[in-house]
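Residue numbers (this note's numbering), protein chains in the order written: chain A, 1 to 481; chain B, 482 to 962.
Take a look at the structure below.
2 protein chains.
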Amino acid sequence: MCVCPVQTEEMAEQLEQKEQLGDEGKHVLKAPKGTRDYNPKQMAIREKVFNIIVSSFKRHGAETIDTPVFELKETLMGKYGEDSKLIYDLKDQGGELLSLRYDLTVPFARYLAMNKITNIKRYHIAKVYRRDNPAMTRGRYREFYQCDFDIAGQYDPMIPDAECLKIVHEILSALDLGDFRIKVNDRRILDGMFAVCGVPDDKFRTVCSSVDKMDKMLWEDVKNEIVKEKGLPEKVADQIGEYVRLQAGGMELAEKLLADPKLCKSEAACAGLTDIKLLFTYLQIFKVTDKVVFDLSLARGLDYYTGVIYEAVLTPLAGRGGTGGGEEPVGVGSVAGGGRYDGLVGMFDAKGRNVPCVGVSIGIERIFSIMEQKAEASAEKVRTTETQVLIASAQKNLLEERLRLATELWDAGIKAEVVYKRNPKLLSQLQHCEDTGVPLVAILGEQELRDGTVKLRNVASREEVDVSRADLVAEVKKRSS
Amino acid sequence: MCVCPVQTEEMAEQLEQKEQLGDEGKHVLKAPKGTRDYNPKQMAIREKVFNIIVSSFKRHGAETIDTPVFELKETLMGKYGEDSKLIYDLKDQGGELLSLRYDLTVPFARYLAMNKITNIKRYHIAKVYRRDNPAMTRGRYREFYQCDFDIAGQYDPMIPDAECLKIVHEILSALDLGDFRIKVNDRRILDGMFAVCGVPDDKFRTVCSSVDKMDKMLWEDVKNEIVKEKGLPEKVADQIGEYVRLQAGGMELAEKLLADPKLCKSEAACAGLTDIKLLFTYLQIFKVTDKVVFDLSLARGLDYYTGVIYEAVLTPLAGRGGTGGGEEPVGVGSVAGGGRYDGLVGMFDAKGRNVPCVGVSIGIERIFSIMEQKAEASAEKVRTTETQVLIASAQKNLLEERLRLATELWDAGIKAEVVYKRNPKLLSQLQHCEDTGVPLVAILGEQELRDGTVKLRNVASREEVDVSRADLVAEVKKRSS
Numbered sequence: 001m002c003v004c005p006v007q008t009e010e011m012a013e014q015l016e017q018k019e020q021l022g023d024e025g026k027h028v029l030k031a032p033k034g035t036r037d038y039n040p041k042q043m044a045i046r047e048k049v050f051n052i053i054v055s056s057f058k059r060h061g062a063e064t065i066d067t068p069v070f071e072l073k074e075t076l077m078g079k080y081g082e083d084s085k086l087i088y089d090l091k092d093q094g095g096e097l098l099s100l101r102y103d104l105t106v107p108f109a110r111y112l113a114m115n116k117i118t119n120i121k122r123y124h125i126a127k128v129y130r131r132d133n134p135a136m137t138r139g140r141y142r143e144f145y146q147c148d149f150d151i152a153g154q155y156d157p158m159i160p161d162a163e164c165l166k167i168v169h170e171i172l173s174a175l176d177l178g179d180f181r182i183k184v185n186d187r188r189i190l191d192g193m194f195a196v197c198g199v200p201d202d203k204f205r206t207v208c209s210s211v212d213k214m215d216k217m218l219w220e221d222v223k224n225e226i227v228k229e230k231g232l233p234e235k236v237a238d239q240i241g242e243y244v245r246l247q248a249g250g251m252e253l254a255e256k257l258l259a260d261p262k263l264c265k266s267e268a269a270c271a272g273l274t275d276i277k278l279l280f281t282y283l284q285i286f287k288v289t290d291k292v293v294f295d296l297s298l299a300r301g302l303d304y305y306t307g308v309i310y311e312a313v314l315t316p317l318a319g320r321g322g323t324g325g326g327e328e329p330v331g332v333g334s335v336a337g338g339g340r341y342d343g344l345v346g347m348f349d350a351k352g353r354n355v356p357c358v359g360v361s362i363g364i365e366r367i368f369s370i371m372e373q374k375a376e377a378s379a380e381k382v383r384t385t386e387t388q389v390l391i392a393s394a395q396k397n398l399l400e401e402r403l404r405l406a407t408e409l410w411d412a413g414i415k416a417e418v419v420y421k422r423n424p425k426l427l428s429q430l431q432h433c434e435d436t437g438v439p440l441v442a443i444l445g446e447q448e449l450r451d452g453t454v455k456l457r458n459v460a461s462r463e464e465v466d467v468s469r470a471d472l473v474a475e476v477k478k479r480s481s
Numbered sequence: 482m483c484v485c486p487v488q489t490e491e492m493a494e495q496l497e498q499k500e501q502l503g504d505e506g507k508h509v510l511k512a513p514k515g516t517r518d519y520n521p522k523q524m525a526i527r528e529k530v531f532n533i534i535v536s537s538f539k540r541h542g543a544e545t546i547d548t549p550v551f552e553l554k555e556t557l558m559g560k561y562g563e564d565s566k567l568i569y570d571l572k573d574q575g576g577e578l579l580s581l582r583y584d585l586t587v588p589f590a591r592y593l594a595m596n597k598i599t600n601i602k603r604y605h606i607a608k609v610y611r612r613d614n615p616a617m618t619r620g621r622y623r624e625f626y627q628c629d630f631d632i633a634g635q636y637d638p639m640i641p642d643a644e645c646l647k648i649v650h651e652i653l654s655a656l657d658l659g660d661f662r663i664k665v666n667d668r669r670i671l672d673g674m675f676a677v678c679g680v681p682d683d684k685f686r687t688v689c690s691s692v693d694k695m696d697k698m699l700w701e702d703v704k705n706e707i708v709k710e711k712g713l714p715e716k717v718a719d720q721i722g723e724y725v726r727l728q729a730g731g732m733e734l735a736e737k738l739l740a741d742p743k744l745c746k747s748e749a750a751c752a753g754l755t756d757i758k759l760l761f762t763y764l765q766i767f768k769v770t771d772k773v774v775f776d777l778s779l780a781r782g783l784d785y786y787t788g789v790i791y792e793a794v795l796t797p798l799a800g801r802g803g804t805g806g807g808e809e810p811v812g813v814g815s816v817a818g819g820g821r822y823d824g825l826v827g828m829f830d831a832k833g834r835n836v837p838c839v840g841v842s843i844g845i846e847r848i849f850s851i852m853e854q855k856a857e858a859s860a861e862k863v864r865t866t867e868t869q870v871l872i873a874s875a876q877k878n879l880l881e882e883r884l885r886l887a888t889e890l891w892d893a894g895i896k897a898e899v900v901y902k903r904n905p906k907l908l909s910q911l912q913h914c915e916d917t918g919v920p921l922v923a924i925l926g927e928q929e930l931r932d933g934t935v936k937l938r939n940v941a942s943r944e945e946v947d948v949s950r951a952d953l954v955a956e957v958k959k960r961s962s
């Protein structure tokens, strides 16, 4: 028997399994841990967000592809570093060993290699899966959407990279979530910096993931981790600290670092800094430098990045900045991230042929959470259907007439509904319109049937006019536009 | 050691696992068995199909929801009869036991019960998973889309049921796939028929799944299965045969059967036949009786149906009919199916409270296959991007000017592309337009920059006009509309 006060992970899992049985063997009614259903209101918001994102992707000439929700387990192996433990595996039921996709980037690289595609600009919007500790109130789920845009192909430096940042800028501006900042760095600069500070090659990645925490932790704590957990001398950590705590900047910071005698000993860092300068030239032309900062403390966790990396964060409070420094940790989540990964496709090619790639992933769940909160707070009601007109009657025994009129409207392309009752009350039919935001009611009665007319009622204003049946379609169209 | 000539399933699976390792340890580049990637062309077709389907769902006032790709294993258990063996389970990595969804109906019922929703009209388009034997050339996959429309709620009989059929009729007509037929039957009629023919209660379901094969097998073979495999007397099978081989019909067939002294002994059959008559009354009003037939041989496999059932099939060859009789098996796949399931939600409710439901599922994969074949055969090229204009140059060193113009266009909402090279050849830029169907090229040169103009070229006609830079956005919009 375990007597320690802290519940072990194993115990928690056993408890979870037990809970599934619930009381009296009746099973528990829930969606799996870390997942959620989308109700119609949430779907309406989701559709709106996707439309904004997709229209930006299309504005930049992207096509789209789709891949299966699971991949051969082997396809995912060795791509995610320490995060591999978060991959969902399928049960071995005979046949291939499968895992749920962890992101859309690795399936994209597999797709390119498999089809020998050497250049493409594509977007892909789909759900990915991570057995992480969910924090659903903050928009962190085990099943969540990614919206990826990637440019694959051998091109001149920094042009596609800059376009990805332009797209992030466009999308976050159009979504109107408040102020944001896009941090930029380069894996080569990080690696060069680690080298000149005395980090051994085989510790680059692990130090990198410590530095990656600077947006959530104070530098003192990050330093502690580097020294105590990662086992590097304090002197080395202090040297790293001098770089990663530099105030974030733009082109001028790149120039200053290019003149840094220590950093310039690293060829990788020099190449990275030169590219950052070029990147900012293009970003100026794209008019996005108001939001983009070069930040040496940005260090994304994934193994496959080889060049430019970036991450967008919302900065809701004025003056908070949220860039670099590490003096005041900013608790605001990342809403987009990406970078250049020139080696990933080659990992799938039998001859190791590479296809250079750069891309960005929009982290939609946090954006959904914010939009949902905004919708809740707003007085405006979110409509979940597009129905233009309800066909109603105040009198009995007119079901067939209502259905006949509905058929006329449907067949003319009008979005119309009928209440599924033989003899519904007029009040309950009007109530349905109030509840769901249907703007018009076409009311049929004996008199209207004799006259070949329909009473058309505006739900909001309660005005009613008689419309000849022949004109009804045109009248509904006119009022809906 | 196995010496039988037929490769066992186990051997096949072992072979499959081996294949994953491939030559020299380099892993095999493939999507999992039974799944496929969608390339940009296929995605363009998929988008078109979805638009047609969704616009029909919205025309009938539906909202949409989404649920996770996996459910608690228990949620799916006991819902699919013999097909349960086709469910994909996730590996037990601690925590809840999960399975991939097998359809969208059971998650829908779980959603209703969990949220205590008693009426809703919703659609749901998402992928479902079945460990079936794939036949991908015929559009049968292990991962495939379902497009479901369901009406939940306590309403007057047959009104929602008829609307589902109206929607199937609308969608299949709009997709323009050729002639089709929608077969209708009722579980209560089947059960009543089995009862009066002498099938014991506990064999209804298994005989039902034999009858379900009548669209693929000759009656003689179905009868054989009922007698030899299911163990029923030949006399019973012959009696069933007399009913299920009746020529399919409409209201008049329901009337004829209502007058059948034997069948009328079954209360269930009588109730079903009365409802079929009412259904056809509404279908006449909806103007869809040209395609709908009442067919006693239709028997869908799923356990949860309780009333009306239906299935739509394409009937590409004139005169083939494809309805009932069973004399000439028709090899045309089903493209939609559904029915009434009044007991499913109650299976999830602690107090067994039921929510009557009726719905339809459009089988999209087969429709995709047909549309893809049509697109292949057609001379018209499928565009995979929506780019309106490419910004090009014939001269060197104008990259930054091209990017500047692109920024102007993007910021004005124009879909524009730039080739990612410092100094691309004009010919290769024009070739990109030919390849991807971009209709316009905006050409910049030293002269144009001095004059504040752009040369606007129509790719198809090769005509070129000078447009003042200030007018370019309006001109591109005009030509794109």
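Idealized CB from N, CA, C, for every residue including glycine.
From a predicted model like this one, the values you see are computed outputs, not experimental measurements.
Using beta-carbon distances, B:K902 counts as an interface residue toward chain A, with a partner under 7 Å. Straight-line measurement puts the Cα of B:L953 at about 38 Å from the Cα of A:N115. The contact set of A:E417 on chain B, defined by CB atoms closer than 9 Å, consists of H541, G542 and K602 in chain order. For A:N458, the enclosing beta strand (DSSP E) stretches over residues T453 to N458. Of the residues A:K291, A:V69 and A:T281, the one whose Cα lies closest to the Cα of A:E255 is A:T281.
Each of B:P742, B:I872, B:D823 and B:P905 was checked against the Cα of B:W891, and the nearest Cα belongs to B:I872.
Beta-bridge annotation (DSSP): B:D584 is not paired with any residue.
The DSSP-derived three-state label of B:V899 is strand. Below 8 Å, too few C-beta pairs join the segment 241-251 of chain A and the segment 125-132 of chain A to call them touching: fewer than three. Closest option to A:R479, judged by alpha-carbon separation, among A:E448, A:G95, A:L218 and A:A442: A:A442. Here A:Y129 is bridged, per DSSP, to A:E143.
The Cβ atoms of B:V794 and B:T599 lie no closer than 7 Å to each other. According to DSSP, residue pairing for B:D631 in a beta bridge involves B:R603 and B:G840. In summary, A:K216 is exposed, with fewer than 16 beta-carbon neighbours lying within 10 Å of its beta-carbon over all protein chains present.
Of all residues in the segment 533-566 of chain B, only K539, R540, H541, G542, A543, E544, T545, I546, D547, T548, P549, V550, F551, E552, L553, E555 and T556 come within less than 8 Å of chain A when Cβ atoms are compared, listed by chain position. Given a length threshold of 3 residues, each whole run of the beta strand (DSSP E) inside the segment 138-226 of chain A is given here in chain order: 143-152 and 180-186.
With a minimum length of 4 residues, the unbroken runs of alpha helix (DSSP H) contained wholly in the segment 258-311 of chain A fall at 267-285. Rounded to whole angstroms, the separation of the alpha carbons of A:S369 and B:K684 is 51 Å.
From the beta-carbon of A:Y243, no residue of chain B is found nearer than 9 Å; the closest lies around 31 Å away.
With respect to the C-alpha of A:L430, the residue from A:Y420, A:D201 and A:V459 having the closest C-alpha is A:V459.
In the same chain as B:A512, and ignoring 5 residues on each side of it, the C-beta atoms closer than 6 Å to its own belong to D518, in chain order.
In this structure, the beta-carbon distance from B:A718 to B:V708 falls below 7 Å.
Ranking B:L907, B:S962 and B:R834 by CA distance to the CA of B:K936 puts B:L907 first. Taking 7 Å as the threshold, the shortest C-beta distance from A:M136 to chain B does not fall below it. Ranked by how close their Cα comes to the Cα of A:A412, the residues B:E528, B:S536 and B:T866 have B:S536 in first place.
At a cut-off of 7 Å between beta carbons, B:Y519 contacts chain A. A straight-line Cα-Cα distance of about 4 Å links A:G346 and A:G352. Contact annotation for A:M43 against chain B: E544, T545, I546 and D547 [CB-CB distance below 8 Å, chain order]. Separation of A:F180 and A:V465 (C-alpha to C-alpha, rounded to the nearest whole angstrom) is 50 Å. Taking C-beta atoms as the reference points, B:A594 and B:D830 count as a pair closer than 7 Å.
Here B:M639 is near B:L759, since their CB atoms are less than 7 Å apart. Here B:M674 is buried. Its C-beta has 16 or more other C-beta atoms within 10 Å. Flagged as an interface residue toward chain A: B:E881, by a C-beta distance shorter than 7 Å.
Contact between the segment 49-64 of chain A and the segment 860-870 of chain B is present, with at least three C-beta pairs closer than 8 Å. Considering only A:D66, A:C197 and A:R138, the residue with the shortest C-alpha distance to A:Q373 is A:R138. In the three-state DSSP reduction, A:L398 falls in the coil class, being neither helix nor strand.
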